[in-house]
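Residue numbers (the numbering used here), protein chains in the order written: chain H, 6 to 245; chain C, 5 to 298.
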């Protein structure tokens, strides 16, 4: 646990519905800066949904609704994604997300890496090259791909693909990184590298990692939260 | 026992039907080749005119299919170019922006359009040509432009539906990746969704090209004639291969003329094959350019 805990995300009485089915009920929680919070619990309790609330990915899913309040400390001020204090694009650049399945786009490795910068309107070729290199180094991937940036990202191994996705998310220097079971589709060796990588990222950002594996949760989590079903959903600090 | 028999039966039946289809196509192509090959040659295309002079536009071809080849190519290119942007934009709207109700209404309208017989579209094109002739200029009437617009309308549903379907079938991880990286909806469509759906979209374009090249009913009413020479402008009448084939096979006076009709069929098949290959090659290059260029 960090010695000095600064609040980064505050959830206040959050409810979430897919159509008429309530998935999250009255969730209140606080997440701290430069801390890796592991979120665990049985399947179907809304762990991934909870992550999707923080960067508003839930808005991409039809027939969903959410109530309550979320406050995120971004760029030196508290903002609420629910109150449209910030554009969705900007929010998602600062609250990046890593999915369960590695999802490189069917493009070259270099283009995958430069893609978020292109979206953000960065055109300076040298700046892009520098940022790509730095992000790949940060994700322990530079040495493996530096000579094959023009190759398709789909040719990488599973672990490399996931590290590429993490590097791609890091290129915009997010303040929060949401990871939805980032090692579940990887073998133990690749998962170990990803775990090491996630722990190393705490210096620069706040991490929320959803995981099913209790041993992994214990290894990497500074704080562990369990999302479990007790009639409706209950949110606890510490392992149950 | 019965279940095993049924499994085997379905397998053999599928094989037999696939084989039958292949045989039918082979018999059909062989028949065309046997009937059409003897007439294939420069005389079929250029008649008595000198090929080089005809190609350079110095000599008019009266008794060959060269003007019909040029007319067909013009038709295909013009109508595809007209239908392509409209079809892709409509497909993107239906897939990405339309509400479920609008999807049903607009999608239903395109389905109705797809079901309209081509002769009806031709008649509509003809009516438009007559309207323009009466109200705007004597120079306007059934012509290459009206035919191209009518054919564009006819093939629009193919492009719309293929664009919509190929966008909707993209896996969620491709659909959500760019959004999670901060892409706006338009950026997601332009940079990720359309490039990744190109293969499906090009299938619709290839179908459209085939339809434009072969349809006779539409052009019959909107500007094609038996002898017009190479079209000099968008407002001129023109010749086209499907009409030539129809005309020669229904009015031939000698076996040689009928053989010319079969030769024209082979030329039309050849043109379609080349256009398909060009469309396929362009799709591959476009895909590579969109996703892999440095």
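In this text, a Cβ means the ideal position worked out from N, Cα and C, and glycines have one as well. Just so you know, these numbers come straight off a predicted model, no measurement behind them.
- Beta-bridge analysis with DSSP links residue 36/H to 14/H.
- Residue 261/C sits in a helix when the DSSP states are folded into three classes.
- Here the alpha carbons of residue 94/C and residue 108/C stand approximately 13 Å from one another.
- Linking residue 124/C to residue 62/C through their CA atoms gives a straight-line distance of about 38 Å.
- Residue range 70-96 is occupied by the alpha helix (DSSP H) that includes residue 78/C.
- Bounds of the beta strand (DSSP E) holding residue 184/H are 181-185.
- Contact of residue 292/C with chain H is not assigned, every C-beta pair being separated by 8 Å or more.
- Straight across, the Cα-Cα distance linking residue 124/H with residue 290/C is about 20 Å.
- Shortest Cα-Cα distance from residue 251/C to any of 234/C, 236/C and 224/C involves 224/C.
- Using a Cβ-Cβ cut-off of 7 Å, residue 200/C is close to 111 of chain H, given in chain order.
- Residues of chain H with a Cβ closer than 7 Å to the Cβ of residue 181/C are, in chain order, 108 and 110.
- Relative to the Cα of residue 188/H, the nearest Cα in the group 181/H, 199/H, 27/H and 182/H belongs to 199/H.
- Not a single C-beta of chain H is nearer than 8 Å to the C-beta of residue 287/C.
- Within the segment 65-94 of chain H, 65 and 94 place their CB atoms closer than 7 Å to a CB of chain C, listed in sequence order.
- Cβ contact annotation for residue 232/C (same chain, cutoff 6 Å, sequence separation greater than five): 241, 242 and 243, in chain order.
- Per the DSSP secondary-structure output, residue 100/H pairs in a beta bridge with 181/H.
- Comparing alpha carbon positions, the residue from 212/H, 210/H, 162/H and 143/H closest to residue 196/H is 162/H.
- Judged by DSSP in its simplified three-state form, residue 168/C adopts helix.
- DSSP, reduced to helix, strand and coil, places residue 210/C within a helical segment of the structure shown.
- Counting along the chain, residue 221/H sits inside the alpha helix (DSSP H) bounded by residues 219-225.
- Straight across, the Cα-Cα distance linking residue 155/C with residue 77/C is about 13 Å.
- In this structure, the CA atom of residue 16/H is about 29 Å from the CA atom of residue 168/H.
- Residue 222/C is not bridged by DSSP to any residue.
- For residue 52/H, the number of other beta carbons within 10 angstroms of its own is at least 16, and it is reported as buried.
- The Cβ of residue 187/C sits closer than 8 Å to at least one Cβ of chain H.
- Residue 231/H places its beta carbon 8 Å or farther from that of residue 39/H.
- Between residue 213/H and residue 56/H a beta carbon distance of about 6 Å is seen, short of the 8 Å cut, so the two are scored as contacting.
- The Cβ atoms of residue 208/C and residue 163/C lie closer than 8 Å to each other.
- In terms of Cβ geometry, residue 96/C and residue 193/C form a close pair [threshold 8 Å].
- Under DSSP, residue 83/H forms a beta bridge with 78/H.
- The Cβ-Cβ distance between residue 64/H and residue 37/H does not fall below 8 Å.
- When DSSP states are grouped into helix, strand and coil, residue 61/H belongs to the coil group.
- The alpha-carbon of residue 24/H is positioned some 27 Å away from that of residue 35/H.
- The residue from 137/H, 106/H, 139/H and 115/H with its alpha-carbon nearest to that of residue 164/H is 106/H.
- Look at the segment 112-145 of chain H: the residues with a C-beta under 8 Å from a C-beta of chain C are 112, 113, 115, 116, 120, 121, 123, 124 and 125.
- Of all residues in the segment 122-147 of chain C, none comes within less than 7 Å of chain H when Cβ atoms are compared.
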